[in-house]
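First comes the structure, then the notes that go with it.
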Amino acid sequence: MQAYWRYWGKASGDKLGAGWHLLPFHALDVAAVMNALLDQRPAWVSACANSLGWSAAQFRAAACYFAVLHDLGKFARSFQALFSSCSADLVPIDRAPGYTQRHDTLGFLLWMGHLRHGLPHDILPEPDHLLWQGWIRIVCGHHGQPPREGSARRLYADDHFLPDDMAAALEFACDAASLFDDLPQAIRVEQLDTRAGWQLAGLMVLADWLGSNQRYFPYRSAPMALADYWREQAQPAAARVVAESGLQSCLCAPYAGSQKLADFIPYLSSPTPLQEYAASTPLAEGPQLFLLEDVTGAGKTEAALILAHRLMAAGLADGLYFALPTMATANQMYRRVGGVYRRLFAVGEQPSLVLAHSARQLVEDFALSVQSGGKPYAKDDASAGMSCNAWLADNNKKALLAQAGVGSIDQALLAVLPVRHQSLRLLGLSGKVLVVDEVHAFDSYVRTLLAGLLRWHAAQGGSAILLSATVPEQIKTELLNAYRQGLAQPVLAESFVSAYPLASHLSAAHFDQQACETRREVKRRVRVEHRHDEAEVIRLIASEVAAGRCVCWVRNTVDDARRAFDLLKDSISRDKLHLFHSRYAMGHRLAIEDEVLDAFGKRSDAAMRRGRVLIGTQVLEQSLDFDADVMVSDLAPIDLLIQRAGRLQRHVRLANGDRWPDAVPMVQHVEQRPEPVLCVYGPPPDDEAKADWYVRLFAGAQYVYPDFAALWQTQQALLAAGNIVSPGEEGEAGAVRQLVESVYGAAGERETPAALKAAADKCLGEAMSERSMALFTALQLDKGYCEDSSKHWMEETDVATRLADETRLVYLAVADGEALRPLYPSDDPRLQWQLSALRVDANRLKDIAPAWRQRFKLLLDRLAQEQPWLTEYDLVLPLLAGEEAGAWLGQGVDATGRELGVRYSLELGLLWK
C-alpha cells in the first residue's frame, strides 16, 4: 500500500461515520470541484489556454492537477500531529516537529525545497520553472491569502516534514498525475498572466470551500484506487455541490430592442431621454465604461439596468453588481433591482440576487428570498420575486459570486484590499457589469480605491457603469483614466465637454460624449433663499406647517438635528415630528426609516403628509426616496446641497400634495405645488470672512465639512445665481454643472478670503494624504498572487474601506436583574442583538465606566459565556430603565478615560454628557 494512504486530510470529533478523511481523497474532492467550476467558464478557460499557448484541455488538466496539490502541506508531520487518533492506520506523531507554520505555507515550502526537484519531467515539463512556481503559490494560498515565503527569515521544509512525509507527498503527486491525460508537455511562456492568476486564486478558494463540505464529500478512511474514487465519488459529488450552491452559469436573456423596454421594466412606458440613450447607443467591442450624469429623478438606475441588459445580451457580461454608498441606499436599490433582475436572464434560469452589506440579515425582503440548494421557487412564495441560494447568502465573502447583486461599495472595494478571501470577490466581479452609484459622494481615500478597482476590473475584461448627479471634472478624469489604464491605453487626450446632462462612453477604441435632454418632470428651477438666524428658520417651518405643508430640515450633525427637534417639539405634535440620524439602535433606525417612507415617500398622500416635519442628518440626502414640500438645509458643499434639493418636490403632485391619479396619463402630470424653495441656513455672507466664519454658527459641523473655502464659494455661487436650475443650459447661472464647477473647478468665480484659504490648503493636504494611504493600503495586483502583493494581509474587519475616526460597535443591553437582554426585542433571537446595536465614535464612548462594569460584572460574565462573539471585540453597554418611558440610562468613559453619563431614548437615540 502506498505510504500516502496513512495521512489524514480532514478530521472530526464526530462519532458518526469515519473519524477522518484521507488526504488523497480530500485532494481529489477539491480538484473535482475545480473541474466542475471550470465547466461553468468555457470562454475564460479558452482565453487562459491561448495566453499560455495550450489547448483548453491542457489548461483544464493543469488547473485540476495543481488543485490536487493544494494541501501538500498537510503531509507535514507537524500538521498530522494536530489530530491524535491512536490509530495504527495513520503515521505516528511521536517525532513530529512543532506546528509553527500554516499548512498552506508548508505546501509551498515542500514544492520549492523538494518536489520541484523530484517530480519526473514526463509528468510535468521543467518542474522548477517559474510558471509552475506561480501556480503552486496560487493553490497553496487556498485559505484566502498567498503563502509565506520567508521574506523576513528563511523557511525550510526540512524543519516541518520528516523524510517519509516528503517521499509520500512525491509519490502521491506522481500517482495523481495519471488522472489527467492532457497535462501540458511544453512551456511556452515565462509565467502565468497575473489576471488569470488572481481568478485562479479565487477559484481555488472556492473549490476548497466546496470540496470540504462533508455533506457532499463524506469522510472515508479506507483506501480506494485513486481513479475509482475520482470517477465514482469525487466528480459526481462535485457536480452536485456546484449546482446546489447556486454557482451554475445562467444564460442571459436576449435584448428585445429599444421599442420594447416595458417588456424589461414594466413601468417604462415613456422612457426618459437618458433611458432612450441607454437603449439605443451603439455598444463597443470588449470591456467598456459608461458615465451617466443627470439630475435626480432622471431615471439613471433604469438606464444603468438597460445598459447592463444590453451588455449581457451581447455576451460582454454574465451578471451585474450594483454598488451603493450606504446600506440604506443598497436596501432600496435591492428592492428596485429585485423587480426586474430575472428578466436579465433567460426564461427557466434560476439566478440568485444577493444583498451584500454587514446588516443584510436584518432586511426582511432578503431574509425571505434565501432558498436552500435545489429548492424550487413556488409561484405563491413570498420570495418568488427575489431569490438567493442559501450557500451564497450566508457570507458576504461569497456574495459577489451570485449572478446578480446589490450592496455597499465597500464589498466591492474589498476585492482590491489585502484581506483574506479578497480573490473570491475579484472572481465574483469578473464578467459582471459593475454599476457604481453616487460616484461624486466619495472622499479621496474611497475614490482612490475605486480607481484601483476600475483599473483591475477593466484589465479582467469587465464593463462598468458610473452614475452621478454631476461629477467635477477632476474626479471624472481620475476615474475614466483609471479604467483606461486597465485597458492598457494612454490617458485621455480629449477634453470633457461642459454639456449637462451628459453620457460618456469609454472603450479601448474610442471615447464619446453625448449631451442628453432630461425628462420634463425633473426640469425645474429651485429658488434659493438664505437664513442666518436659527429662530427665523424655526418660524419659517412653523409657518409652512400651519399652511399644511410637509417640511424637511437636513442638519450637518446629530447634535444640531436634536437641537432643532427640541426647538420644534413644543409647537408641533409628536406624531407629526420625525427625527432621523445614525445614533439609533439598528432596529429602531429601520423602523424610523419605514415610518419616514410611509409619511414622506412616493406613495404618501396629502392626508399623510399634511403638517409633518422631518429633521435629519446626511443619512437623508442619499438614503431615502422621500419628497418634501419645503426644504431647509444647513450650509454644506454645493454638490450635497444639490443632492438635498433633489428631495424637494421630488415626485410630481397635485396642489394639495396628493399623487396624480393613475388614470391620468403621465404626460399630463404637472407639478401643482407652489414654487420649490430651498432655504439654506448659514453664516451671513462676508467678503472679508475670518477663519471662524463657519465655526461660529456650526461648532460641530466644522469637523464634518472642514473646507471652509468650498463652503464660502458655495454660498457665493448660490447668492449670485439665486436658483438651482436642473439641469440648466450651458453657461446659465444656477445650472447644475455651472454651480459645481464654480466651486470645484480650477478657480472659483470669486477670490476666497485669505483667512479661509488655510482651511482649503489643509483639506488639500489631507486629501493627498488620504490618496497616499489608499495607494499604500491597496493590493499591488500587478505583482500577481504572491506575498509581495502586500505586506499587510489581514481580516476584513481590520482593514478600512473608508477613512474615518475610529468607531465602536455598541450592543445596548437592558439589565432586568437576572440577565442582560437586547434592547430591541425580536421574534428571531438570532437578530435581537444586531437590532440592538449601533456604531459610535470611539473617542466619545470608548468603554463602560469601571464602577458600572463592576456593578454588572456577573451579568456581563454570564453573557460572555453564552454569547462570546458579542464581547470579544465589541462593547456591551448595560442599561437601566429611566424614569421616563422609552428611556434607559448607563455609564461609560471616553477615549481620555473621562466618565460620562449615557442615555438612550426612543425619541432621541443615544446621547452622552
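Note that UniProt numbering gives residue 190 to position 190 of the sequence shown, counting from 1, and the numbers run on in steps of one. Beta carbons: idealized from backbone N, C-alpha and C, even for Gly.
CA-CA distance, residue i and residue j?
i    : j    : result
D497 : Q513 : The question names Asp, yet the displayed sequence has Val at residue 497. About 7 Å.
R644 : L635 : 11 Å
H70  : S87  : 25 Å
N35  : A238 : 8 Å
C174 : I123 : 7 Å
L155 : P822 : 49 Å
L718 : R750 : 12 Å
Y694 : L809 : 31 Å
E729 : P637 : 22 Å
S789 : F75  : 27 Å
D605 : I541 : 20 Å
L392 : L401 : 7 Å
G374 : W198 : Confidence in G374 is poor, its pLDDT being 39 and thus under 50, which makes the residue's placement unreliable; the coordinate value appears in the next sentence. Taking the straight line joining both Cα atoms gives about 30 Å.
S495 : T477 : 9 Å
V558 : D566 : 12 Å
P376 : V370 : The pLDDT assigned to P376 is 37, lower than 50, so where the model puts this residue is not dependable, and the model offers no usable value.
S387 : R420 : 27 Å
T296 : L502 : 13 Å
W5   : P223 : 6 Å
My output table needs one value for residue i: the three-state DSSP class, helix, strand or coil.
i    : result
H532 : coil
T100 : coil
A855 : According to the sequence provided, residue 855 is Arg. The question's Ala does not apply to it. In the structure shown, R855 sits in a helix (DSSP, three-state: H, G or I).
G113 : helix
D122 : coil
W793 : coil
E899 : strand
P829 : coil
P223 : coil
K432 : strand
L487 : coil
T807 : strand
Y904 : strand
R555 : coil
F565 : helix
H309 : helix
D381 : Note that D381 has pLDDT 35, beneath the 50 cutoff, so the model's placement of it is unreliable and the number below is only indicative. D381 falls in the coil class under three-state DSSP.
F598 : The sequence given here has Asp at residue 598, not Phe. It is helical.
C252 : strand
Are the CB atoms of residue j and residue i within a distance shorter than 9 Å?
i           : j    : result
L697        : P683 : yes
V433        : L261 : no
T807        : D847 : no
P287        : A451 : no
L206        : V68  : no
A464        : V436 : yes
residue 954 : L879 : Outside the shown range of the chain, which is 1 to 913, sits residue 954, and nothing can be said about it.
Q713        : L362 : no
E884        : S905 : yes
F66         : G73  : no
L417        : A778 : yes
V736        : Y500 : yes
L424        : V526 : no
Y219        : S12  : yes
L454        : A482 : yes
Please name the residue or residues paired with residue i in a DSSP beta bridge.
i    : result
N481 : DSSP output for N481 lists no bridge partner at all.
H21  : K10
S468 : E293
D847 : V893
C388 : V370
Y681 : R531, D634
Please decide whether residue i counts as near chain B, where near means a Cβ-Cβ distance under 9 Å.
i    : result
A253 : The structure shown has no chain B; it contains just one protein chain.
Original post:
Do the stretch 399-409 and the stretch 310-321 touch if we need at least three Cβ pairs shorter than 8 Å?
Top reply: yes
Subject >> the stretch 294-303 contacting the stretch 266-281, beta-carbon criterion three pairs below 8 Å >> reply: yes
**OP:** Pair every Cβ in the stretch 202-219 with every Cβ in the stretch 178-190, then say whether three or more of these pairs are closer than 8 Å.
**Re:** no
Original post:
If we count Cβ pairs, one from each stretch, closer than 8 Å, do we get three or more for the stretch 250-257 versus the stretch 424-431?
Top reply: no
Original post:
Is there contact between the stretch 675-692 and the stretch 623-634, where contact requires at least three CB pairs shorter than 8 Å?
Top reply: yes
Original post:
Do the stretch 94-114 and the stretch 130-150 meet, that is, are 3 or more Cβ pairs less than 8 Å apart?
Top reply: yes
Original post:
Taking three-plus beta-carbon pairs below 8 Å as touching, is the stretch 224-235 in contact with the stretch 19-31?
Top reply: yes
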